[in-house]
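The next block holds one structure in the form of structure tokens; read it before the comments.
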């Protein structure tokens, strides 16, 4: 069967072919082409009508897959063969690591997962995790780890579950995981219950950039203009600082990057832009 004609778009590496929609209509089927680890790859990423795919969306997916922040179709198929159709926390953790190969602190996260989460949660899907499961984990860990370590473990569990939910792979947690207070998060006018409710809403927000900016404002007190000017090169993960360029006071400065901000940055998708929030 001859190959279908590829039609170019205004985005590099994004093409489309014509496919059927209904009995007598056509729709565009978008393809992306890129190289990863020296291998040329072409993949279908979605249909115009059925999936709501556009040239711009296809270009963003291409950027994520080129940078490794999203697994390729082949990597997804391998995961499916290993785990079947069920998205357990163990499977989500594997795909999370595949999608973020250059993640800062991945070794520490791997240790936390293997030591504290794998045994009890790896075979459960996020919606199967109960409040009592988490409370049992809290009681067990609180006997021999600090509140900060406990908070980091719970945050990792929440991060894995949110990863699956945000990508429509599975249902999310059916309750809010409450983290011990260990960081200098600026909550100002919010009491703990209000903060948890706000974070729950933000975790379910589809606009990832907007949700991340609100969280960062809570975690660090950064102003909107400072966040819009923030570049990836302004983040010092080694020393734990955020550089503020042209802040309200006029002189460049830096502020501490607490654990909550660190986790936010390393979980935030990178695009081809130099800005964190393009």
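Numbering (the working numbering), first residue to last: 1016 to 1293. Just so it is clear, CB atoms sit at the ideal spot from N, CA and C, and this is done for glycine as well.
Alpha helix (DSSP H) containing residue i: first to last residue?
{"i": "residue 1134", "result": "1133-1136"}
{"i": "residue 1075", "result": "1070-1082"}
{"i": "residue 1234", "result": "1223-1235"}
{"i": "residue 1034", "result": "Where residue 1034 is concerned, there is no enclosing alpha helix (DSSP H), although the beta strand (DSSP E) it sits in stretches over 1029-1036."}
{"i": "residue 1252", "result": "Premise fails: residue 1252 is in no alpha helix (DSSP H) and is neither H nor E."}
{"i": "residue 1239", "result": "1239-1243"}
Considering only the beta carbon of each residue, do residue i and residue j sit closer than 8 Å?
{"i": "residue 1148", "j": "residue 1135", "result": "yes"}
{"i": "residue 1291", "j": "residue 1245", "result": "yes"}
{"i": "residue 1050", "j": "residue 1286", "result": "no"}
{"i": "residue 1230", "j": "residue 1279", "result": "yes"}
{"i": "residue 1269", "j": "residue 1259", "result": "yes"}
{"i": "residue 1024", "j": "residue 1070", "result": "yes"}
{"i": "residue 1043", "j": "residue 1063", "result": "yes"}
Provide the residue span of the beta strand (DSSP E) that contains residue i, from first to last.
{"i": "residue 1046", "result": "1040-1051"}
{"i": "residue 1058", "result": "1054-1062"}
{"i": "residue 1268", "result": "1268-1271"}
In three-state terms, what does DSSP make of residue i?
{"i": "residue 1276", "result": "helix"}
{"i": "residue 1106", "result": "helix"}
{"i": "residue 1122", "result": "helix"}
{"i": "residue 1141", "result": "helix"}
{"i": "residue 1258", "result": "strand"}
{"i": "residue 1026", "result": "coil"}
Please go through the same chain and pick out, in chain order, the residues whose beta-carbon is closer than 7 Å to the beta-carbon of residue i, but skip the five residues on each side of it.
{"i": "residue 1103", "result": "1137, 1138, 1139 and 1140"}
{"i": "residue 1127", "result": "1167, 1168 and 1171"}
{"i": "residue 1198", "result": "Note on residue 1198: pLDDT 49, under 50, position unreliable in the model; the coordinate value appears next. Hits under 7 Å: 1273, 1274 and 1275."}
{"i": "residue 1153", "result": "1165"}
{"i": "residue 1194", "result": "1166, 1169 and 1170"}
Report yes if the C-beta of residue i is less than 7 Å from at least one heavy atom of the ligand MN; otherwise report no.
{"i": "residue 1275", "result": "With respect to the ligand MN, the structure shown offers nothing to examine, as it has no ligands at all."}
Quick one: residues in its chain with C-beta nearer than 6 Å to the C-beta of residue i, no 5 flanking neighbours on either side, listed in chain order?
{"i": "residue 1048", "result": "1028 and 1057"}
{"i": "residue 1113", "result": "1086 and 1090"}
Quick one: residues in its chain with C-beta nearer than 8 Å to the C-beta of residue i, no 5 flanking neighbours on either side, listed in chain order?
{"i": "residue 1226", "result": "1217, 1218 and 1220"}
{"i": "residue 1242", "result": "1228, 1231, 1232, 1291 and 1292"}
| field | Length at least 4, wholly inside the stretch 1151-1202: the alpha helix (DSSP H) runs in chain order | value | 1162-1181
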